[in-house]
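Step one of this worksheet: look at the structure below.
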Amino acid sequence: MKIEQIPVDRLIPYARNSRTHSDEQVAQIASSIREFGFTNPVLIDGNDGIIAGHGRVLGARKLGMDAVPCVRLEHLTETQKRAYIIADNKLALNAGWDDEMLALEFEELRGEDFDLSLTGFDAGDLAALMGEYNEGECDDEQPDNGSLADRFMVPPFSVLNARDGWWQDRKRAWIALGIKSELGRGENVLGHPETTGNIDFYAQKRAMEKRDGKKYTTPEAREKLISEGLIGRSA
């Protein structure tokens, strides 16, 4: 499969493209290209007509790019080409999300000070997904529904760990406990020695942020908690 750099002005949008792109979405695509690069080539036919990637081309225009990487799909018939223009957009929409895994990934990205808006999720989506409350919205009488990292009592981890047996056993145990972070503090109730010392970290991080009126990255919070004698260096 050959990738060609084609001038943006040569690319021809499909006149009957049924997929729409708002100004806001085009701005998001442009921001993504600026952050990550042009990672997904535009699919075109033999006459430089766009088959897939209309939004990416609009984002490239917004950034003032002269050319974009393209792949020609010259093997498609006219009928297949028209059908694929629809399928390329619809098939992606048919996928779902593992909300728990997604929230854990966002928790880790936020700890790295990454701009989560670049993922395409807005602030409202992120707040709802991560179960966060504005200060003063919850009190001691309400259940602890903080971020998943708080509720699951472990620091964020790689998505690859989700298939490990120990994680699946741990998750079942948490569900059996009602996913209440206040249960089991100070002891390794799940029988996994690797969790000892990390159980309280995110709860203490949130409490410290509420006390100080500011957010801390994960490394900042860890160093501050260590300096205040609240956790050990190995936690």
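According to my numbering, the residues represented by the sequence shown are 448 to 682, in order.
Where a beta carbon is used, it is the ideal one built from N, C-alpha and C, also for glycine.
Nothing here was measured: the structure is a model prediction, and the numbers come from that model.
Might you give, ordered along the chain, the residues of its own chain that have their beta carbon closer than 8 Å to the beta carbon of E521, omitting 5 neighbours on each side? D492 and G493
Please report how far the alpha carbon of I504 lies from the alpha carbon of V489, in whole angstroms. The question names Ile, yet the displayed sequence has Val at residue 504. Cα-Cα distance, rounded: 8 Å.
Straight-line CA distance for T486 to R658? About 42 Å.
For E525 and A575, what's the separation of their Cα atoms in angstroms? 44 Å
Please say whether I453 and D495 have beta carbons closer to each other than 8 Å? yes
What's the C-alpha gap between A462 and R519? 18 Å
How many whole angstroms separate the CB atoms of K509 and A477, which I take to be in contact at a CB cut-off of 8 Å? Between K509 and A477 a beta carbon distance of about 4 Å is seen, short of the 8 Å cut, so the two are scored as contacting.
Would you report the Cα separation of M655 and L573, rounded to the nearest angstrom? 22 Å
Chain-order list of residues whose beta-carbon lies under 6 Å from that of G568 (same chain, five-residue window excluded): According to the sequence as given, residue 568 is Phe; it is not Gly. Hits under 6 Å: none found.
Contact set for R481: own chain, Cβ-Cβ below 8 Å, skip 5 residues either direction: The beta carbon of R481 sits closer than 8 Å to those of L510, all from its chain and outside the five residues before and after it, given in chain order.
Span separating the alpha-carbon of A668 from that of G500: Their Cα atoms are separated by approximately 42 Å.
Compute the distance between the beta-carbons of G565 and S479, then report whether it is under 8 Å. The sequence given here places Leu at residue 565; Gly does not occur at that position. The Cβ atoms of L565 and S479 lie closer than 8 Å to each other.
If you drop the 5 nearest sequence neighbours on each side, which residues of the same chain put their C-beta closer than 7 Å to that of V473? Shown here for V473: same chain residues with a beta carbon closer than 7 Å to its own, the five before and five after excluded, namely G502, L505, G506 and K509 in chain order.
Could you tell me the distance, in whole angstroms, from the CA atom of I459 to the CA atom of K652? 52 Å
Out of curiosity, what's the CA-to-CA distance linking F553 and K662? Those two C-alpha atoms are separated by around 15 Å.
Helix, strand or coil for A570? Go by DSSP, reduced to three states. helix
Using 8 Å as the threshold, is the C-beta distance between S465 and I533 below it? yes
Using beta-carbon positions only, say whether K528 and I498 come within less than 8 Å of one another. yes
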